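**Student:** Take 1 as the starting number for the sequence shown in UniProt numbering and just add one per residue. Even for Gly, the Cβ is constructed at its ideal location relative to N, Cα and C. All of these numbers come straight from a predicted model, not from anything done at the bench.
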Amino acid sequence: MKIPLGAARRLAHDLLAGAGLAEERAETTARAITLADAWGIGSHGLFRLPYYLDRMAAGGHPPDAELKTRADTGPLVFLEGGGGLGHWQVAAAAETAVERSGRYGVAAVAVGDSGHCGALGVYALEIARAGRLGLVFSNGPAALPPWGGDRALLSTSPIAAGIPLSPRPAVVDLALSTVARGKVGAKAKAGETLPEGWALDRAGRPTTDPREALAGMLAPLGGAKGYALAFMVEALTGGLVGPHLSRDVADPFAAGDRGRPQRIAHLVLALDPSLGDPEDGGAAARDRLADLADQVTAAGGRVPGTGRSAPDELGDDDEIEVDAAVLDDLRARAASRGDGGPPVPEGDDREQKGSA
Numbered sequence: 001m002k003i004p005l006g007a008a009r010r011l012a013h014d015l016l017a018g019a020g021l022a023e024e025r026a027e028t029t030a031r032a033i034t035l036a037d038a039w040g041i042g043s044h045g046l047f048r049l050p051y052y053l054d055r056m057a058a059g060g061h062p063p064d065a066e067l068k069t070r071a072d073t074g075p076l077v078f079l080e081g082g083g084g085l086g087h088w089q090v091a092a093a094a095e096t097a098v099e100r101s102g103r104y105g106v107a108a109v110a111v112g113d114s115g116h117c118g119a120l121g122v123y124a125l126e127i128a129r130a131g132r133l134g135l136v137f138s139n140g141p142a143a144l145p146p147w148g149g150d151r152a153l154l155s156t157s158p159i160a161a162g163i164p165l166s167p168r169p170a171v172v173d174l175a176l177s178t179v180a181r182g183k184v185g186a187k188a189k190a191g192e193t194l195p196e197g198w199a200l201d202r203a204g205r206p207t208t209d210p211r212e213a214l215a216g217m218l219a220p221l222g223g224a225k226g227y228a229l230a231f232m233v234e235a236l237t238g239g240l241v242g243p244h245l246s247r248d249v250a251d252p253f254a255a256g257d258r259g260r261p262q263r264i265a266h267l268v269l270a271l272d273p274s275l276g277d278p279e280d281g282g283a284a285a286r287d288r289l290a291d292l293a294d295q296v297t298a299a300g301g302r303v304p305g306t307g308r309s310a311p312d313e314l315g316d317d318d319e320i321e322v323d324a325a326v327l328d329d330l331r332a333r334a335a336s337r338g339d340g341g342p343p344v345p346e347g348d349d350r351e352q353k354g355s356a
């Protein structure tokens with residue numbers, strides 16, 4: 001089903017604010033959620049909102065959680081999120097990383113004891129739009145086995161990078177599993193089967209049942225190499241930042257885990273292109289980055305993520321695709337608060353297409 005982006009964003013904002021999230025934080029979170037839908041990443045968009053709301057109500061994501069500074073050396077900042085939703089916390093970390101990298105050339109901002117933050121590319125894009133190179137890492141519930149292992153120990157280990165280019169930054173945003181776990185969750189909710197090769201059940205057998213996959217394991221992207229990268233991400237997040245390794249992170253899709261804080265770890269890095277060219281303000285580095293993009297295009301390739309619109313490039317009337325069952329759920333929640341939710345154009349009910 002297609003609905004206007006502005007209406008979807010207002011619905012998400014109102015539900016989050018109604019659940020106790022402060023106004024500005026609700027707006028930041030709603031923008032990140034609906035931007036994922038606008039990018040076609042439905043697994044990290046409004047599909048996730050009912051789970052966030054249920055966890056907020058049960059205490060798994062305290063709506064009054066605050067970001068507290070645990071350590072600050074200038075270029076290195078360590079924040080703790082009190083188990084709150086990750087979207088507004090990682091957005092704040094990205095903003096701090098941009099500011100500190102302008103002062104020191106490079107900055108790393110860690111957010112420990114946080115929650116799921118949606119699509120990491122949302123934050124990498126904002127760093128790149130500020131003229132910096134950005135890297136964002138996160139962990140989550142265990143979904144990947146070690147290479148040759150028989151139990152899930154690592155998360156899907158998402159990574160994102162933002163590279164400043166004109167007219168649009170390049171954005172790399174991917175999970176190190178064959179598929180994002182949220183997409184498996186979306187398939188489970190829709191009652192659909194999985195393609196072969198995506199997942200394993202608890203016994204390590206291949207499965208196309210998304211519910212068996214959620215209780216089991218996902219295949220690493222690229223085999224042993226993908227596992228090695230996932231191990232690196234886990235070391236940078238759960239290991240370095242903490243407080244939980246992925247094996248201890250609460251599963252957002254498990255009803256029994258709703259009241260248990262996830263205690264996810266995020267790491268945000270920003271680098272100023274002028275770091276190596278202080279005399280010309282980074283012009284040489286920017287020229288080389290532009291040349292790289294031109295070479296890719298001239299070779300018939302596509303620069304990653306340049307088709308993704310920034311929030312200010314999208315209008316309220318632009319439409320996003322949302323699963324009808326998800327929208328019905330959200331509208332029912334809004335109606336219970338006396339808000340009927342966003343208007344849905346008549347005659348545009350259709351099955352949601354697959355998302356990245």
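Got a sec, what are the start and stop residues for the alpha helix (DSSP H) alanine 32 sits in?
**Tutor:** Locating residue 32 in the sequence shown gives position 32, where the first residue counts as 1. Its alpha helix (DSSP H) spans residues 23–38.
**Student:** Measuring only the C-alpha atoms, how far is glutamate 196 from leucine 218?
**Tutor:** Here residue 196 refers to the residue found at position 196 of the sequence shown. Here residue 218 refers to the residue found at position 218 of the sequence shown. So the two alpha carbons sit approximately 11 Å from each other.
**Student:** Quick one: residues in its chain with C-beta nearer than 7 Å to the C-beta of isoleucine 127, no 5 flanking neighbours on either side, listed in chain order?
**Tutor:** As a working note, residue 127 is residue 127 in the sequence shown. Around isoleucine 127: Ala94, Ala97, Val98, Gly134, Gly162, Ala270.
**Student:** Starting from glutamate 319, follow its DSSP beta bridges and name the residues at the other end.
**Tutor:** Counting from 1 along the sequence shown, the entry for residue 319 is found at position 319. According to DSSP, glutamate 319 bridges with Pro4.
**Student:** With a threshold of 16 other CB atoms inside 10 Å of the CB of leucine 16, please say whether the residue is buried or exposed.
**Tutor:** Taking the sequence shown and counting its residues from 1, the one referred to as residue 16 is at position 16. Buried, since its Cβ has 16 or more Cβ neighbours within 10 Å.
**Student:** Return the residue from the list Asp318, Ala170, Leu245 that minimises the CA-CA distance to valine 303.
**Tutor:** For the purposes of this step, residue 303 is taken as residue 303 along the sequence shown, with counting starting at 1. Residue Ala170 is the option with its Cα nearest to valine 303.
**Student:** Which runs of the alpha helix (DSSP H) at least 4 residues long sit entirely within the segment 43–68? Give them in chain order.
**Tutor:** Listed in chain order, the complete alpha helix (DSSP H) runs (minimum 4 residues) inside the segment 43–68 are 49–58.
**Student:** Which stretch, first to last residue, makes up the beta strand (DSSP E) that contains glutamate 192?
**Tutor:** The residue labelled residue 192 in the question sits at position 192 within the sequence shown. Here glutamate 192 belongs to no beta strand (DSSP E), and DSSP marks it neither H nor E.
**Student:** Whose C-beta lies closer than 7 Å to the C-beta of glycine 226 among residues of the same chain, with five residues either side of it excluded?
**Tutor:** As a working note, residue 226 is residue 226 in the sequence shown. These residues qualify, in order along the chain: Leu176, Pro220.
**Student:** I'd like the span of the beta strand (DSSP E) that includes histidine 116, first residue to last.
**Tutor:** The residue given as residue 116 occupies position 116 in the sequence shown. Looking at the DSSP string, histidine 116 is not in any beta strand (DSSP E), and its letter there is neither H nor E.
**Student:** For proline 273, does the count of other Cβ atoms within 10 angstroms reach 16, so buried, or fall short, so exposed?
**Tutor:** Against the sequence shown, residue 273 aligns to sequence position 273. Proline 273 should be labelled buried.
**Student:** At which residue ranges does the segment 105–182 contain complete beta strand (DSSP E) runs of 3 or more residues, listed in the order of the chain?
**Tutor:** Within the segment 105–182, the complete beta strand (DSSP E) runs of at least 3 residues are 106–114, 133–138, 159–163, 170–174.
**Student:** Just how far apart, CA to CA, sit alanine 298 and aspartate 291?
**Tutor:** Stepping through the sequence shown from its first residue, residue 298 is reached at position 298. Stepping through the sequence shown from its first residue, residue 291 is reached at position 291. Distance between the alpha carbons of alanine 298 and aspartate 291: 10 Å.
**Student:** Can you tell me whether serine 336 is helix, strand or coil according to DSSP?
**Tutor:** Translated into the one-based positions of the sequence shown, residue 336 becomes position 336. The answer is helix: DSSP assigns serine 336 an H, G or I state.
**Student:** For proline 252, does the three-state DSSP call read helix, strand or coil?
**Tutor:** Along the sequence shown, read from residue 1 onward, the residue named residue 252 stands at position 252. If DSSP states are grouped into helix, strand and coil, proline 252 belongs with coil.
**Student:** Excluding five sequence neighbours on each side, which residues of the same chain lie with their C-beta closer than 7 Å to the C-beta of threonine 237?
**Tutor:** Here residue 237 refers to the residue found at position 237 of the sequence shown. For threonine 237, where only same-chain residues beyond five positions count, the Cβ hits under 7 Å are Phe137, Ser138, Asn139, Ala265, His266, Leu267.
**Student:** Need the endpoints of the alpha helix (DSSP H) that glutamate 212 sits in, please.
**Tutor:** Within the sequence shown, the letter at position 212 stands for residue 212. That run of the alpha helix (DSSP H) goes 210–215.
**Student:** Just checking my contact of leucine 327 with methionine 1 at CB under 8 Å: how many whole Å lie between their CB atoms?
**Tutor:** The sequence position of residue 327 within the sequence shown is 327, counting from 1. The sequence position of residue 1 within the sequence shown is 1, counting from 1. Between methionine 1 and leucine 327 the Cβ distance is about 6 Å, and since that is below 8 Å, they are a contact.
**Student:** Give me the DSSP bridge partner(s) of phenylalanine 231.
**Tutor:** Here residue 231 corresponds to residue number 231 of the sequence shown, with the count starting at 1. Answer by DSSP bridge pairing: none, since phenylalanine 231 is not bridged.
**Student:** If you run the structure through DSSP and keep just helix, strand and coil, what is histidine 87?
**Tutor:** By 1-based counting over the sequence shown, the position of residue 87 is 87. In this structure, histidine 87 counts as helix in the three-state DSSP scheme.
**Student:** Does the segment 107–120 come within contact of the segment 30–39, defined as at least 3 CB pairs closer than 8 Å?
**Tutor:** Touching, per the Cβ criterion.
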